Amino acid sequence: MSPVVISPAAGLRARAFPPNWSLRIGAALFVLYVIYAAGIVDIRWERFVQGLGNGTRFLGRMFPPNLAPDKLQLLWQGMIESLQIAIIATGAGILLALPIGLCAARNLMPWPVTVLSRGFIALLRTFHPVIVAILFVKAVGFGALAGILALIVATIGFIAKLIAEAIEEMSMRPIEALRAAGSPFPSVVVMGVVPQVLPRFIGFAAYQLDSNLRNSALVGLVGGGGIGATLFTAFQRFDYDFVLTIILAIILAVMAGEILSAFMRRVYQDEAPSGKVKRGSSGPVWHRFTASERSLRLAFWALAAVALGWSFQTIEIIPEFLYDAPAQTVDLFARMWPIDWAYFPKTVQLALIETLHTATLGTILAIGMATPVALMCARNVTPSALINTIGRFILVATRSVHTLVWALFFVAVFGPGALAGVMAVAVHSIGFTGKFLAEAIEEAKAGPIEALRAAGAPPRAILLKGFWPQVKPAFLAVSLFRWDINVRESAVLGLVGAGGLGVALQAAMDNLYWDQVGLVLVVIFAVVVVTEIVTATLRAKVI
Amino acid sequence: MSQFSAYAAPGQSRALIIRNLVKEYRKGVPVLRDISLTISEPGIVAIIGPSGTGKSTLIRCINRLVDPTSGSIMLGGTDLAKLQGEALRIARRRLGMVFQEYNLVERLTVIENVLCGRLGYVPAWRAWTRRFPEADIARAFALLDSVGLEELATRRADELSGGQRQRVGIARAVMQEPDLILADEPTSSLDPKTSVEIMELLAKVGRQRDIPVLVNIHNVALARRYATRMIGMSKGVVIYDGPPSGLQDSHLAEIYGGEGWME
């Protein structure tokens, strides 16, 4: 503070708005980083302009979408197989995730059990489904089975973790009461845990079904069957009009999946039983649900059972490959060991740096693009229903097409390399980031906004002083969370030529240097662990 | 009227005999210091004393929600303090418990919460599919009737008021056909009028089932009104043990410390 205080008011004023030097330095460093990283991944203006030209030509070749009967036949087969993969993976994955998630809950289980279960879940979650799919393709051969197994791993990792968290957050009071009444453990779970956890469980099981539908398009890219295989072939044959047909079909399927899961949530989520008590001949008769509720539930379970049965019946699984799988897996890991450390300084180190920059730049770009879309979607900022709908469509469309598919597209536009990776990460992240931002904006309290409006503030000032302070924590949390995800995604983008660790992985696999594959996997593992620690620390600090 | 006594246990000795009970949460800092009590008379036995004096710990040691450090808790010939696993579970079926915060499963209906009292007796699959034995369901409705909540049987527990929830909690405890009911500050979250009604109900349950109801309570006047016996505790030891009429101001001064608060 200045040595001569003229009036107390001046001193107060100086303290009310001090220059935030750490913020200014942070902003300067941020800009410097973006310039530096852009140089590393070779983002230049002329490449971008050239890319735009390519992109226009590319889009020209995509339109109109190819709807020839033979193509539609291929599309149908691919979609059906993807659907079957998604259904089986979701069903089996959830069944397996339930006991594992229960075992990981620290408020119900002794600690050795939870440590083991948590370690297992963390291991399942470490590797991107595409990498898991690659390993399964090597173990059980090309086709749907590898895709199913990879998605089962992903499902268990996701659902078991959320179940464990939901159980740990529930109230322990009723559990104490049931234990005090001498209930055996299974009854405590059925009457005490299930009712408390069920609504959230239904929510994320429904989410996992449409997530698996999206990911089943993904595992096909590396030989895991389904529509992904069809898509990859179409790309390789430059059938770009058919590519568009497939992508549109995937978007439609994902939207249908979202509608289905919203319906499922409505039937199940708020399980307020409206069953009645009737006077029977031998005393009161009680049912938990009304007859129509019971039949709706029965119909739901019947549908699920039929879907699972149909998927198992018709999916193409070659049993010989399955018998062979354990031996193949052992052989695979034997060839990876000892890993080839010599590969690191030559190639992997550069690829690692490229991966980290791809994830970071992609996230920054995504936030930049998602913010206006989020504002379009937020009903309390944009009153026009038409613009809301357009915004929502952008979010769903960018999210439905997986990062790797976007990467295929951008490799065709910008050529191979990290630029395509950055664009793929950025565009796919719009959906996720924009959705959460829009929700945060809509949850902002109306009071301060009204006050600013009443004082005649222009829209820009309302956004800056009314919304931003309220949305800031959610904004930082979402950005950080997305960066964490993007690091994992960036590590596999190289499989389709979009730079980073995936390129090194693909090269090693093509050459059958399994000890080098082992090295890349170890590096990815380390990066994921470090990222997780970094985001956890930052989250605790910033939010 | 006959609902509470319909399942009265056979005439074996149901006395609860606590001997030299000690509980230390941290080593060398006992919360309960060498408590010895014998409780055999039916009706409300009220435990009074300042907060943090070990009343809750004492009650929770009896049904082993808290594990005692040493001492014995004999009930019907078994030492509850030594039981483990399945044997403990079987023993807990005969100990009903009523909680300060009711501890109902909020998202289940009232009737489901009452039937939770039977979980120790029915297999888990029956609980899951809600196929409780018909006799249990009939009794649950009769119990709800006797606590005045029959109309609310199919409402969710989180729709109920505090007093209604505590009635459900009591019905759940009675559903266990207990030899003893433990009530851990059952009225502390309730308004004065509802508190009286809940104590009335607990006293009625004790009378009709002919079992002791061990109640932790802060409200001395309310305790005197319903208890047949009062136990005053301070700093982990029993200061007074006898009929409510024998409890003098000097005892209260010793239990709670000081006298100014009594004016």
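Line by line, the protein sequences are chains A and B.
Every letter in the first sequence is one number past the one before it in numbering that gives the first Met the number 0, and letter 44, counting from 1, is 43.
Every letter in the second sequence is one number past the one before it in numbering that gives the first Met the number 0, and letter 23, counting from 1, is 22.
A virtual CB, placed ideally from N, CA and C, is assigned to each residue, including glycine.
Since the model is a prediction, treat every value here as computed from it, not as a measurement.
Give me the residue from the options with the minimum Cα distance to residue i.
i              : options                        : result
A143 (chain A) : A:F320, A:I34, A:I155          : A:F320
G119 (chain B) : B:L87, B:V109, B:T108, B:L103  : B:L87
V522 (chain A) : A:V533, A:P194, A:R487, A:G496 : A:R487
I263 (chain B) : B:A220, B:Q163, B:P177         : Because chain B is modelled from 0 through 262, residue 263 (chain B) falls outside the range shown and cannot be assessed.
H217 (chain B) : B:V195, B:K203, B:V204         : B:V195
I17 (chain B)  : B:V44, B:S71, B:E40            : B:S71
T55 (chain A)  : A:A228, A:F413, A:T381, A:I34  : A:F413
R224 (chain B) : B:A202, B:R208, B:V237, B:I210 : B:A202
L74 (chain A)  : A:A248, A:P325, A:F262, A:R117 : A:A248
L161 (chain A) : A:L150, A:F184, A:G202         : A:G202
V410 (chain A) : A:F57, A:L243, A:P109, A:T381  : A:F57
S188 (chain B) : B:A170, B:G161, B:G168         : B:G161
N112 (chain B) : B:L79, B:I210, B:R154          : B:R154
R199 (chain A) : A:S182, A:T328, A:A159, A:L82  : A:A159
E80 (chain A)  : A:D240, A:T154, A:I226, A:I99  : A:I226
V187 (chain A) : B:E40, B:L103, B:R25, B:S244   : B:L103
N62 (chain B)  : B:E133, B:D209, B:L74          : B:L74
Should residue i be flagged as near chain A, meaning a C-beta pair shorter than 8 Å?
i              : result
A80 (chain B)  : no
G119 (chain B) : yes
M0 (chain B)   : In this prediction, M0 (chain B) has a pLDDT of 39, which is less than 50 and means its spatial position is unreliable; what the coordinates show is noted afterwards. It does not; no Cβ of chain A falls within 8 Å.
C60 (chain B)  : no
E100 (chain B) : yes
L142 (chain B) : no
R106 (chain B) : yes
Please classify residue i: does DSSP put it in a helix, a strand, or coil?
i              : result
G202 (chain A) : helix
P18 (chain A)  : coil
V146 (chain B) : coil
S233 (chain B) : strand
K54 (chain B)  : helix
M96 (chain B)  : strand
G168 (chain B) : helix
V214 (chain B) : strand
S489 (chain A) : helix
A7 (chain B)   : Any answer about A7 (chain B) is weak, because its pLDDT of 39 lies below 50 and its placement is not dependable; what the coordinates show is given next. Looking at A7 (chain B) - three-state DSSP - the assignment turns out to be coil, as it is neither helix nor strand.
R155 (chain B) : strand
T77 (chain B)  : strand
Y120 (chain B) : coil
G100 (chain A) : helix
Y24 (chain B)  : strand
P111 (chain A) : helix
N19 (chain B)  : strand
I381 (chain A) : Sequence inspection shows Thr at residue 381 (chain A); the Ile mentioned does not correspond to that position. In the structure shown, T381 (chain A) sits in coil (DSSP, three-state: anything other than H, G, I, E or B).
S81 (chain A)  : helix
I366 (chain A) : helix
Anyone know if the C-beta pair for residue i and residue j falls short of 8 Å?
i              : j              : result
V219 (chain B) : I46 (chain B)  : no
G95 (chain B)  : T227 (chain B) : no
V239 (chain B) : P49 (chain B)  : Note that residue 239 (chain B) is Tyr in the sequence shown here, rather than Val. Cβ distance not < 8 Å, so Y239 (chain B) and P49 (chain B) don't count as in contact.
F98 (chain B)  : D183 (chain B) : yes
T397 (chain A) : G499 (chain A) : no
I386 (chain A) : M368 (chain A) : no
I89 (chain B)  : L181 (chain B) : no
A126 (chain B) : V189 (chain A) : yes
I84 (chain A)  : G156 (chain A) : no
D144 (chain B) : L114 (chain B) : no
A425 (chain A) : L492 (chain A) : no
A153 (chain A) : N214 (chain A) : yes
Within 8 Å of any Cβ in chain B, is that where the Cβ of residue i sits?
i              : result
G191 (chain A) : yes
R213 (chain A) : no
G181 (chain A) : yes
E175 (chain A) : yes
S294 (chain A) : no
P185 (chain A) : yes
R265 (chain A) : no
My assumption, with CB atoms under 8 Å, is that residue i sits in contact with residue j. Please give the rounded CB distance.
i              : j              : result
R93 (chain B)  : P177 (chain B) : 5 Å
V112 (chain A) : L403 (chain A) : V112 (chain A) to L403 (chain A), Cβ: 36 Å. No contact.
L360 (chain A) : V421 (chain A) : 5 Å
W309 (chain A) : G517 (chain A) : Not confirmed; about 39 Å, so no contact.
I110 (chain B) : A156 (chain B) : Rounded, the Cβ-Cβ distance is 10 Å, inconsistent with contact.
G222 (chain A) : V136 (chain A) : 4 Å
Is it the case that the CB of residue i approaches a heavy atom of the ligand ATP more closely than 7 Å?
i              : result
L394 (chain A) : Judged by which ligands are present, the structure shown has none, so any question about the ligand ATP falls away.
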